[in-house]
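Participant: Residue numbers (numbering that gives the first Met the number 0), protein chains in the order written: chain A, 0 to 120; chain B, 0 to 223.
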Amino acid sequence: MPPQFDREKPIYLQVVDMLIQEIARGIRKEGEKLPSVRDLAFQLEVNPNTIQRVYRELEHKEITITKRGQGTFVTNDTEKVIALREQLKQQYIEKFIIDMHALGFSKEEIVQTLKGGEDDD
Amino acid sequence: MIEVKNITKSRMFKTILKDCTCTIDRGKVIGIIGENGSGKTTFLQVLAGVFRQDKGTINLPTDRSESIAYSPDQEYFYNYFTIEQLMDYYQSQFGDFDRKKAEQLIDFFELKRNEKINYLSKGQVGRVKIAATIARNAPLLLLDEPLAGLDPLVKDKIIKGLLQFVNMETQTLLITTHELLEIETILDEVIVMKAGCMIAQENVDVIREEQSVQKWFQKVYQKK
């Protein structure tokens, strides 16, 4: 079954986020070839035009490179992937902190809970 | 690109299409949505040449028989045909019928070639209709309610079939539907019809920047 998309966000952005996450997590490795537009469209059950836009977007962010006649590949630039991971980390943490503040937790409480959570492992 | 300008159509003293104008860009998947009786089916029929419009113009690049593959919402096959015979018939009628694609579609949809149309289930007929229509390499494909009344698995299979077998670079797909939820992810644009008028045409991603297509649709409907 294809992924459930958030109905209030453009699909191409959701697919961009999904691929960026997969690259940052190393599910898709540096230099690896990404599926063709048609194949990915079929897998995710979205319009091929959407996937084309996704690949344009990723290339624009310099996360992928398109080789003429060969397809789209994840960048070989390890630093870029590391930077991407770092960037995602910051992004998620910021969002987490904003949510926790909205719930009324102080920074100290958050840190304490996080440390506590580690002990449980 | 096909430009539809100011199409008006009346039947039995009743105006069904009122001054409909829209542009159909090549390579797009466009959904036509709107409540029952809003004129969706009649619009496709006028495009396909089942009826002639009273007023207005449609600039098709070539003759209709070469440029449009049309699947009506009703059943329209000779029901004594087997699926195989139906494919033979289509091949004899349409120069752009791609037999190889048709055979692949039959396998993809898990249909049996020697079964008679008469004895097929609703879901099977739904798949045969799609197979016969999209096996043609016509530039414009018109599907009237391709998912109506089908179970979720068949719907999913049909959507997958469209993605796999329609050549989105050269073919344009126009789909009327009530099943926005199922089909939304494959649409580029939606056209909204209400009481015979086309009241909006918009890119789906542009809508989603703000809200869900469903909410947008409801707002557009209340406004006009």
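By construction, the Cβ of each residue, glycine as well, lies at the ideal position given by its N, Cα and C atoms.
What distance in whole Å lies between the Cβ atoms of Leu162(B) and Glu44(A), which are believed to be in contact at a cut-off of 8 Å?
Facilitator: Contact holds; Cβ gap of about 7 Å.
Participant: Leaving out five residues before and five after Asp72(B) in sequence, what residues of the same chain have Cβ atoms less than 7 Å from its Cβ?
Facilitator: Hits under 7 Å: Thr40, Asp143, Glu144, Ala147.
Participant: Comparing C-alpha positions only, which one of Gln221(B), Gln200(B), Asn78(B), Gln103(B) sits nearest to Lys115(B)?
Facilitator: That would be Asn78(B), whose Cα lies nearest to the Cα of Lys115(B).
Participant: Contact criterion: CB-CB distance below 9 Å. Does Ala40(A) meet it with respect to chain B?
Facilitator: At least one chain B Cβ lies under 9 Å of Ala40(A).
Participant: What residues match up with Leu140(B) in a beta bridge as DSSP calls it?
Facilitator: Ala68(B), Leu172(B), per the DSSP bridge assignment.
Participant: Contact between the segment 149 to 168 of chain B and the segment 122 to 130 of chain B: three or more CB pairs below 8 Å?
Facilitator: Touching, yes.
Participant: So, for Thr65(A): in the same chain, excluding its five sequence neighbours on each side, which residues have a beta-carbon less than 8 Å away from its beta-carbon?
Facilitator: The residues are Tyr54, Glu58, Thr71, Phe72.
Participant: Whole angstroms are fine: how far does the CA of Phe107(B) sit from the CA of Glu31(A)?
Facilitator: Going by the C-alpha atoms only, they are around 30 Å apart.
Participant: Express the C-alpha separation of Gln170(B) and Tyr69(B) in angstroms, rounding to a whole number.
Facilitator: For Tyr69(B) and Gln170(B), the distance between alpha carbons rounds to 13 Å.
Participant: Taking the alpha carbon of Lys60(A) as the point to measure from, which residue in Lys106(A), Tyr91(A), Ile19(A), Glu107(A) has its own alpha carbon closest?
Facilitator: Taking only the C-alpha atoms, the option nearest Lys60(A) is Ile19(A).
Participant: Count the other CB atoms, across all protein chains shown, that sit within 10 Å of the CB of Gln3(A); report buried if there are 16 or more and exposed otherwise.
Facilitator: Classification of Gln3(A): exposed, given that the 10 Å Cβ count is below 16.
Participant: Can you check whether the C-beta of Ile92(A) is within less than 9 Å of a C-beta belonging to chain B?
Facilitator: Judged by the 9 Å Cβ criterion, Ile92(A) is not in contact with chain B.
Participant: For the segment 168 to 221 of chain B, which segments carrying the alpha helix (DSSP H) assignment without a break, of at least 4 residues, lie completely within its bounds, in sequence order?
Facilitator: Segments of the alpha helix (DSSP H) lying fully in the segment 168 to 221 of chain B: 179 to 182, 203 to 209.
Participant: Measure the CB-CB distance between Ala137(B) and Phe93(B) and report whether it falls below 9 Å.
Facilitator: Yes, these two residues count as a Cβ contact at 9 Å.
Participant: By the DSSP assignment, the alpha helix (DSSP H) with Ser91(B) in it spans what residues?
Facilitator: Its alpha helix (DSSP H) spans residues 82 to 92.
Participant: Based on Cα-Cα distance, which residue from Glu78(A), Ile96(A), Gln86(A), Gln69(A) lies nearest to Lys28(A)?
Facilitator: When each option's Cα is compared against that of Lys28(A), the closest is Glu78(A).
Participant: Can you grab the Cα-Cα spacing for the pair Val203(B) / Ile157(B), in whole Å?
Facilitator: Val203(B) and Ile157(B): Cα-Cα distance of roughly 21 Å.
Participant: Do Val127(B) and Phe76(B) have their beta-carbon atoms positioned less than 9 Å apart in this structure?
Facilitator: For Phe76(B) and Val127(B), yes; Cβs fall inside 9 Å.
Participant: Given a threshold of 16 other Cβ atoms within 10 Å of its Cβ, counted over all protein chains shown, does Gly68(A) qualify as buried or as exposed?
Facilitator: Classification of Gly68(A): exposed, given that the 10 Å Cβ count is below 16.
Participant: Can you tell me whether Val3(B) is buried or exposed, with buried defined as 16 or more other CB within 10 angstroms of its CB?
Facilitator: Burial call: buried.
Participant: Name the residue from Arg24(A), Tyr11(A), Glu7(A) whose alpha carbon lies nearest to the alpha carbon of Arg84(A).
Facilitator: For Arg84(A), the nearest C-alpha among the options comes from Arg24(A).
Participant: Does the segment 189 to 201 of chain B come close enough to the segment 11 to 23 of chain B to have 3 or more Cβ pairs within less than 8 Å?
Facilitator: Flag = yes, the segment 189 to 201 of chain B and the segment 11 to 23 of chain B touch.
Participant: Assuming contact is defined by CB atoms lying nearer than 9 Å, are Gln200(B) and Val212(B) in contact in what I supplied?
Facilitator: Not a contact, by the Cβ cut-off of 9 Å.
Participant: Per DSSP, what kind of secondary structure is Asn5(B) in: helix, strand or coil?
Facilitator: Reduced to three states, the DSSP call for Asn5(B) is strand.
Participant: Contact criterion: CB-CB distance below 9 Å. Does Arg84(A) meet it with respect to chain B?
Facilitator: No, Arg84(A) lies away from the interface with chain B (no Cβ there is under 9 Å from its Cβ).
Participant: Identify the contact partners of Asn75(A) in chain B, using a Cβ-Cβ distance below 9 Å as the criterion.
Facilitator: Neighbours of Asn75(A) on chain B: none; closest Cβ ~29 Å, over 9 Å.
Participant: By the three-class DSSP mapping on this structure, what secondary structure does Lys27(B) have?
Facilitator: Lys27(B): coil per DSSP, three-state reduction.
Participant: So the candidates are Leu59(B), Glu178(B), Lys27(B); which of them puts its Cα closest to the Cα of Leu172(B)?
Facilitator: Among Leu59(B), Glu178(B), Lys27(B), the Cα nearest to that of Leu172(B) is on Lys27(B).
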